[in-house]
Amino acid sequence: MADTLVALDQGTTSTRTILFDADLTPIASAQEEFAQHYPRSGWVEHDAMDLWETSRRCLAQVLTEVRPAALGITNQRETTVVWNADTGKPLAPAIVWQDRRTSETCARLRAEGFETEVTARTGLLLDPYFSATKLAYILDQHDGAREAAKAGRMKFGTVDTWLIWNLTEGRVHATDATNACRTMLYNIHEGRWDQTICDRLGIPMEILPEVRDSAADFGETTLFGAALPIRGVAGDQQAATVGQACFTPGMMKSTYGTGCFALLNTGAHPVASQHRLLTTIAYQLNGTPTYALEGSIFVAGAVVQWLRDELGVIEQASDTLEMAQKADPEQQLYLIPAFTGLGAPWWDAEARGAIYGLTRNSGPNEFARAALESVGYQTRDLIEAMHADWTAPQETTLRVDGGLSANPFAMQFLADILGAPVDRPANLETTALGAAYLAGLAVGLCPAPQEFARNWRAEATFSPEMDKTTREMKYNGWTDAIRRTLSH
1 MADTLVALDQ GTTSTRTILF DADLTPIASA QEEFAQHYPR SGWVEHDAMD
51 LWETSRRCLA QVLTEVRPAA LGITNQRETT VVWNADTGKP LAPAIVWQDR
101 RTSETCARLR AEGFETEVTA RTGLLLDPYF SATKLAYILD QHDGAREAAK
151 AGRMKFGTVD TWLIWNLTEG RVHATDATNA CRTMLYNIHE GRWDQTICDR
201 LGIPMEILPE VRDSAADFGE TTLFGAALPI RGVAGDQQAA TVGQACFTPG
251 MMKSTYGTGC FALLNTGAHP VASQHRLLTT IAYQLNGTPT YALEGSIFVA
301 GAVVQWLRDE LGVIEQASDT LEMAQKADPE QQLYLIPAFT GLGAPWWDAE
351 ARGAIYGLTR NSGPNEFARA ALESVGYQTR DLIEAMHADW TAPQETTLRV
401 DGGLSANPFA MQFLADILGA PVDRPANLET TALGAAYLAG LAVGLCPAPQ
451 EFARNWRAEA TFSPEMDKTT REMKYNGWTD AIRRTLSH
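Below, the structure is given as structure tokens:
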């Protein structure tokens, strides 16, 4: 059906494809999980072939009887893949965005005063979260890799680039501006790869992909029959921003998946953060970037997985709803889920998880409630910093999506601790929706951004019910717990 669109959403723990009709309503989907690898404490890896093979299989499942107008790709950001251009085989395991192995490298560069330059050029902080030091690490581990890169025999990409390369059978080595800006190698003011940073890290620029708009021509794939154009690409959080129709400066979305990522649209001009937030590109259309302030929380939904997989106190994520409701209201536990360090606005790679307020009566119910509440507290940390950096033109409601946003206890607590309403759309898979919209925009199937925004509807709105005194008492307890957890 030529009036359909397909989105490939390659995430941190699973890959999915969703087929949308012309009204951007999901009509078919496929999903497949893949293995996570933790070779050492603080290290997180994927087999890059798993990312590709699950993508290929999921696409094949939804493309058996239809031929969409275009394919949009959205992906886990910052995860780093290096491969041989001749064989198409990965040089090493993909280093995942959560990985902290380059903490010492970042600390050394920071001590040398390089972070100021990195932030001025890229809008990012000097942190192992981003792709640059991951890429340098992979090149360091393999003799001759840099020489091969200079000769064009090695390719680097974030996951979108890796998938485009495979889908086009090596014909296209490209990324979009939203993924490029997360590498810590891309100058967001000049719109190009930054020679100074590449030279400092010993990264040959020949290994880097071409940077294109978010709605653009990324080639076509013929692996599923007739040619399927690839026309939309955006990192997962930026794709969700598009899917939530946050096209007006001051609009804000927060996605709750493995981590939590909040983006505040700041319009045509980048806002330099004074509170250790990230200045990033929300999307780029017709050669013009729209900027955002972003706060990244490393652990959101993953804290529920921890309750299930490591503590065994729940059988499935939905169990936390009833347990949190049954928790003793007299107990106030604070769970700091710094399993791989703390993200914005703290950026402490060496901090580790902690629980405060335990009593002899603390049990699974209280742990479940503390886990869900940690997401609300961390979101408020981000919003407090955003408001300090930039005053929005008008107050806007926070739009939420992602798996954890389906939990009404978590969303009600979020509204309570923010003291502001929270809107949840009918389709929580706004990441895939954003990728499909970008592809549809490129081929003329979807309306212009402002018309798309007028059609956006909330499925549920959570309004604050907590009184201000209780709200501030709880949040003050959280900030005290954070201060006790920081490594410096």
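Under UniProt numbering, think of the first position of the sequence shown as 1, with each following residue one higher. Even glycine gets a Cβ: it sits at the ideal position worked out from N, Cα and C.
Quiz item: Is Lys134 buried or exposed, if buried means 16 or more other CB atoms sit within 10 Å of its CB?
Solution: Classification for Lys134: buried.
Quiz item: Hey, is Thr196's beta-carbon within less than 7 Å of any beta-carbon in chain B?
Solution: Here chain B cannot be found, since the structure has a single protein chain.
Quiz item: Under 7 Å, do Asp3 and Ala28 count as touching if we go by C-beta distance?
Solution: no
Quiz item: What span of residues does the alpha helix (DSSP H) with Val82 cover, start to end?
Solution: Looking at the DSSP string, Val82 is not in any alpha helix (DSSP H); the run it does join, the beta strand (DSSP E), is Val81 to Asn84.
Self-check item: DSSP state of Cys246 mapped onto helix, strand, coil
Solution: It is coil, neither helix nor strand.
Quiz item: By DSSP, does Val443 sit in helix, in strand, or in coil?
Solution: coil
Practice problem: To the nearest angstrom, report how far apart Thr340 and Thr102 are at their CA atoms. | Solution: Their backbone Cα atoms lie some 12 Å apart in a straight line.
Exercise. Would you mind sorting Leu59 into buried or exposed? The rule is 16 or more other CB atoms within 10 Å of its CB.
Key: Leu59 is buried by the Cβ-count criterion.
Quiz prompt | Collapsed DSSP secondary structure at Cys198 in the structure displayed | solution = helix
Quiz item: Are the Cβ atoms of Ala215 and Leu285 separated by less than 7 Å?
Solution: yes
Quiz prompt | Stretch-stretch touch, CB-based, cutoff 8 Å, three pairs: the segment 65 to 74 with the segment 220 to 239 | solution = As far as the Cβ criterion goes, the segment 65 to 74 touches the segment 220 to 239, which means the pair count is three or higher.
Exercise. Assuming Glu45 contacts Ala94 (C-beta within less than 8 Å), just tell me the rounded distance between them.
Key: 6 Å
Exercise. Starting from Thr461, follow the beta strand (DSSP E) in both directions and report where the run begins and ends.
Key: Ala458 to Phe462
Quiz prompt | Where the alpha helix (DSSP H) through Tyr475 begins and ends | solution = Lys468 to Thr485
Quiz item: Hey, how far is the Cα of Gly152 from the Cα of Asp319?
Solution: 51 Å
Quiz item: For Gln10, which residues does DSSP report across the bridge?
Solution: Thr15 and Asn75
Quiz item: What's the gap between the Cα of Pro249 and the Cα of Leu311?
Solution: Each residue's Cα considered, the two are about 42 Å apart.
Quiz item: What is the DSSP secondary structure of residue 531, reduced to helix, strand or coil?
Solution: Look at the range of the chain in this structure, 1 to 488, and you will see that residue 531 is not part of it.
Self-check item: Neighbourhood of Thr54 by C-beta, 6 Å cutoff - its chain only, sequence neighbours within 5 removed
Solution: Closer than 6 Å at the Cβ level, and outside the excluded window around Thr54, lie Thr15, Glu32 and Phe34.
Self-check item: Beta carbon of Ala145 nearer than 7 Å to that of Leu139
Solution: yes
Quiz item: What number of angstroms, rounded off, separates the C-alpha of Lys253 from the C-alpha of Glu147?
Solution: One Cα belongs to Lys253, the other to Glu147, and the distance between them is close to 42 Å.
Practice problem: Classify Trp193 as helix, strand or coil using the three-state DSSP reduction. | Solution: strand
Exercise. Reducing DSSP to helix, strand and coil, say where Ser29 ends up.
Key: strand
Quiz prompt | Thr12 beta carbon less than 7 Å from that of Gln76 | solution = yes
Exercise. Measure the beta-carbon distance from Arg100 to Gly42 and round it to whole angstroms, keeping in mind my assumption that it falls under 8 Å.
Key: 4 Å
Self-check item: Three-way DSSP call (helix, strand, coil) for Cys181 in this model
Solution: coil
Quiz prompt | Which of helix, strand or coil DSSP assigns to Asn365 | solution = helix
Quiz prompt | Same chain only: Cβ atoms within 6 Å of Glu112, ignoring 5 sequence neighbours per side | solution = none
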